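**Student:**
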Amino acid sequence: MAEKLRPIEQMLELSEDETLSAEHLDSQVQKAQEQLLQLKRQQEQIEKQKRELEELSRRQEELERGRTEMTDKLARALVVLEREAYNAQKRLEQLRATRESFGQHLELIEAIDPKTWNPDDLHKELSRALSTVDDARTEYSEQRSRLQATSENAGDTPLPDIASDAYESNGGRSFSQWFQIGVALTLPLIIFGVIALAIFFWMASR
Numbered sequence: 016m017a018e019k020l021r022p023i024e025q026m027l028e029l030s031e032d033e034t035l036s037a038e039h040l041d042s043q044v045q046k047a048q049e050q051l052l053q054l055k056r057q058q059e060q061i062e063k064q065k066r067e068l069e070e071l072s073r074r075q076e077e078l079e080r081g082r083t084e085m086t087d088k089l090a091r092a093l094v095v096l097e098r099e100a101y102n103a104q105k106r107l108e109q110l111r112a113t114r115e116s117f118g119q120h121l122e123l124i125e126a127i128d129p130k131t132w133n134p135d136d137l138h139k140e141l142s143r144a145l146s147t148v149d150d151a152r153t154e155y156s157e158q159r160s161r162l163q164a165t166s167e168n169a170g171d172t173p174l175p176d177i178a179s180d181a182y183e184s185n186g187g188r189s190f191s192q193w194f195q196i197g198v199a200l201t202l203p204l205i206i207f208g209v210i211a212l213a214i215f216f217w218m219a220s221r
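Counting in my numbering, the sequence shown runs from 16 upward without gaps.
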C-alpha cells in the first residue's frame with residue numbers, strides 16, 4: 016500500500032517553480048477579470064455619454080425647428096394683426112360717423128310734431144317733414160350697405176333692412192307715401208270745410 020501511495024504523493028507535491036507558476040496564472044486571470052470589468056464600466060459610461068449627446072442633438076434640432084416655425088408664424092401673424100387693426104380702426108371711425116349721422120336724423124324726426132303746425136302752412140310743413148323722413152331713410156340705406164360691406168367677415172349683427180321697417184306697410188308702400196296719399200285725398204275736404212266755416216262765421220256775423 017505504501018508503494019501505491021507514493022506516486023500519488025509525488026503527483027500532489029509541486030515544485031517551487033510550479034507553485035509560483037500557478038500563482039502567477041491566478042494573478043493574471045484576476046487582472047484580466049478586473050480589466051474586463053473596467054472595460055465594461057467604460058463601455059457603459061461611453062454608451063451613457065452617447066445617449067446624452069444624442070438627446071442633446073435631438074433637443075437642439077427641436078429648438079431649431081421650433082424657432083424657425085414660430086418665427087415664421089409670429090411674423091405672419093403680426094402682418095395679419097396690423098391689417099386687422101387698421102381695418103378695425105377704419106370700421107370704428109365709420110361706426111362713429113354713422114352713429115353721429117343716425118343721431119342727428121333721429122333728433123330731426125323726433126322733432127316733427129304735427130300738432131304744432133300752422134294750418135295755413137300745412138302743405139309746406141308736411142312736405143318738409145316728409146323730406147326729413149326720406150332723407151333719414153336714404154342715409155340709413157346707404158350707411159347700412161357700407162356697414163354690411165365691411166362686416167361680411169366680422170360676424171356683427173346686421174342692421175335691419177329698410178324694407179322690414181315699421182314705416183313700411185303690407186302693401187309695399189312706406190308710411191310717408193301712404194301719408195301723402197291720405198293728405199292728397201283729404202285735402203279737398205279740409206279746404207271745403209275751411210271755406211264752409213268761413214262762410215258760416217261771415218253769415219253769422221251779419
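Backbone N, C-alpha and C define an ideal beta-carbon position, used for all residues, glycine too.
Here the structure is a predicted model, which is why all the values come from computation and not from measurement.
1) Alpha carbon to alpha carbon, how far is Ala144 from Tyr155?
2) May I ask you to report which of helix, strand or coil DSSP gives Asp128?
3) Where does Gln158 land, buried or exposed, given buried means 16+ other C-beta within 10 angstroms?
4) On a Cα-Cα basis, can you pick out the residue from Asp128, Gln163, His138 that is closest to Thr113?
5) How is Asn102 classed by DSSP in three states: helix, strand or coil?
6) Hey, how far is the Cα of Asp150 from the Cα of Gln119?
7) Under 7 Å between the Cβ atoms of Thr147 and Leu121?
8) Using the Cβ count rule (16 or more neighbours within 10 Å means buried), how would you classify Arg91?
9) Please determine, among Ser116, Lys139, Glu140, Ser142, the residue with the shortest C-alpha to C-alpha distance to Thr153.
10) Between the beta-carbon of Glu140 and the beta-carbon of Trp132, is there less than 7 Å?
11) Does any CB atom of chain D fall closer than 7 Å to the CB of Ile124?
12) Please report how far the alpha carbon of Ile214 lies from the alpha carbon of Ile205, in whole angstroms.
**Tutor:** Put simply:
1) 17 Å
2) coil
3) Around the beta carbon of Gln158, 16 or more other beta carbons lie within 10 angstroms, which makes this residue buried.
4) If we check each option's Cα against that of Thr113, Gln163 comes out closest.
5) Looking at Asn102 - three-state DSSP - the assignment turns out to be helix.
6) 11 Å
7) Taking C-beta atoms as the reference points, Thr147 and Leu121 fail to come closer than 7 Å.
8) exposed
9) Ser116
10) Yes, these two residues count as a Cβ contact at 7 Å.
11) The chain labelled as chain D is not found in the depicted structure, where only one protein chain is given.
12) 14 Å
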